[in-house]
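For reference, the structure discussed in these notes is given below.
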Amino acid sequence: MLEVRRLGTHIGAEIRGVDVRRLDDAGFAAIYRAWLDASGVIVVPDQHLEIEQFLGYSRRFGVVHPHPSKMTRHPEHPEITLLGANKYRADGALDMAIYRRGAEDWHTDGAYDAEPFKATQLYALAIPSRGGDTLFASMYTAYDRLPSSLKERLEGRRGAFTYGGRRKATALLNAEDREWTPVWHPIVRAHPETGRKALFFDPGKIVAIEGYEGEESDALIDELTARMIHPDSQYRHAWRKGDVVIWDNRCAYHKAAADYPPEEDRIHWRVSIKEHEGSERA
Ligand SMILES: O=C(O)CCC(=O)C(=O)O
Ligand SMILES: [Fe+2]
12 MLEVRRLGTH IGAEIRGVDV RRLDDAGFAA IYRAWLDASG VIVVPDQHLE IEQFLGYSRR
72 FGVVHPHPSK MTRHPEHPEI TLLGANKYRA DGALDMAIYR RGAEDWHTDG AYDAEPFKAT
132 QLYALAIPSR GGDTLFASMY TAYDRLPSSL KERLEGRRGA FTYGGRRKAT ALLNAEDREW
192 TPVWHPIVRA HPETGRKALF FDPGKIVAIE GYEGEESDAL IDELTARMIH PDSQYRHAWR
252 KGDVVIWDNR CAYHKAAADY PPEEDRIHWR VSIKEHEGSE RA
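Just so we're aligned, residue 12 is where the sequence shown starts under our numbering, counting upward by one.
The following block contains the structure:
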């Protein structure tokens, strides 16, 4: 029997009693409902997946797309990104872009794309003896708790986003893929399935907020950065081998802790999932 247990107060649920390789439509519908109800973070522990089974389960959530970082793609399955693989360079130095991937800022995945990723899903292949958690926080709570004057200032405004943002952090991209034309998204977005408003913001990818010039835009970005996360809006996931975790980039922020012993392995298969077939760069 499928069991759903809440994790954080505002975000996260764990599903027990399922094997995602053998899930009928009613079972998947229950998981999907729990996912929407849990602000978009679902943990399914103790799975034993081959790569095609992970892809097959991921495709039930939407359309699986290759990530723009070509150098971290699985050599035979471009839709799979390998997290944490090849983190030592040939000269023995730790590649910080790989080790600290996803750890610089709280973020949502794919804001740089005309159609940001609906979801991201990870499957844990190797987990270090300590550290290496992933933190999640609700974008619904972030929006709900903005002062009403700020909500008014943001209503209808769009942000411009690129892959590397203002820092131009593009180390995981091939040289020919590093130039990005900004794309525009509303900063306050109603979730297309739940209808709830969420703060769609990413300090590492936003370059400007529409209607504000230079310093004013930067000041507003700093204010939103300070207001996007609340201690009680979070769930911190401590990984176990075999965990499948999916998050909804339309209502959940995340961040890697990147604090594990670098000489140990922390490896995941990762997929980016969209709502639609897209024509974005891949
Ligand atoms: O490795 C992690 O914990 C998450 C990294 C990340 O930000 C991502 O995969 O999008
Ligand atoms: Fe991420």
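Glycine residues also receive a C-beta, built at the ideal position from the N, C-alpha and C atoms.
Exposure of tyrosine 151, with buried meaning 16 or more beta-carbon neighbours within 10 Å = Along the sequence shown, one-based indexing puts residue 151 at 140. Tyrosine 151 should be labelled buried.
ask   = How about the stretch 133 to 148 and the stretch 192 to 208: do they share at least three Cβ pairs that are nearer than 8 angstroms?
value = no
query = What are the boundary residues of the alpha helix (DSSP H) that includes aspartate 155?
reply = Residue 155 sits at position 144 when you count from the first residue of the sequence shown. Taken as a continuous stretch (DSSP letters only), the alpha helix (DSSP H) holding aspartate 155 covers 150 to 155.
query = Going by Cα to Cα distance, which pick from Val55, Ser140, Gly176 and Tyr154 is closest to cysteine 262?
reply = Start at 1 with the first residue of the sequence shown, and residue 262 comes out as number 251. If we check each option's Cα against that of cysteine 262, Tyr154 comes out closest.
Span of the alpha helix (DSSP H) around leucine 93 = In the sequence shown, counting from the first residue as 1, residue 93 sits at position 82. Note, leucine 93: premise wrong, no alpha helix (DSSP H); beta strand (DSSP E) at 92 to 94.
ask   = What's the C-alpha gap between lysine 252 and proline 56?
value = The residue labelled residue 252 in the question sits at position 241 within the sequence shown. The residue labelled residue 56 in the question sits at position 45 within the sequence shown. The alpha-carbon atoms of lysine 252 and proline 56 are separated by roughly 8 angstroms.
key: Local conformation of tyrosine 271 per DSSP, three classes   = Here residue 271 refers to the residue found at position 260 when the sequence shown is read from its first residue. Coil.
ask   = Out of curiosity, what's the CA-to-CA distance linking leucine 161 and aspartate 243?
value = Counting from one through the sequence shown, the residue named residue 161 turns up at place 150. Counting from one through the sequence shown, the residue named residue 243 turns up at place 232. Taking the straight line joining both Cα atoms gives about 21 angstroms.
C-alpha distance - alanine 269 paired with alanine 41, whole-angstrom precision = The residue you call residue 269 lines up with position 258 of the sequence shown. The residue you call residue 41 lines up with position 30 of the sequence shown. Cα to Cα, the separation comes out at about 32 angstroms.
query = Taking isoleucine 278 as the reference, which of Gly143, Pro197 and Gly225 has the closest Cα?
reply = Stepping through the sequence shown from its first residue, residue 278 is reached at position 267. For the residues Gly143, Pro197 and Gly225, the minimum Cα distance to isoleucine 278 belongs to Gly143.
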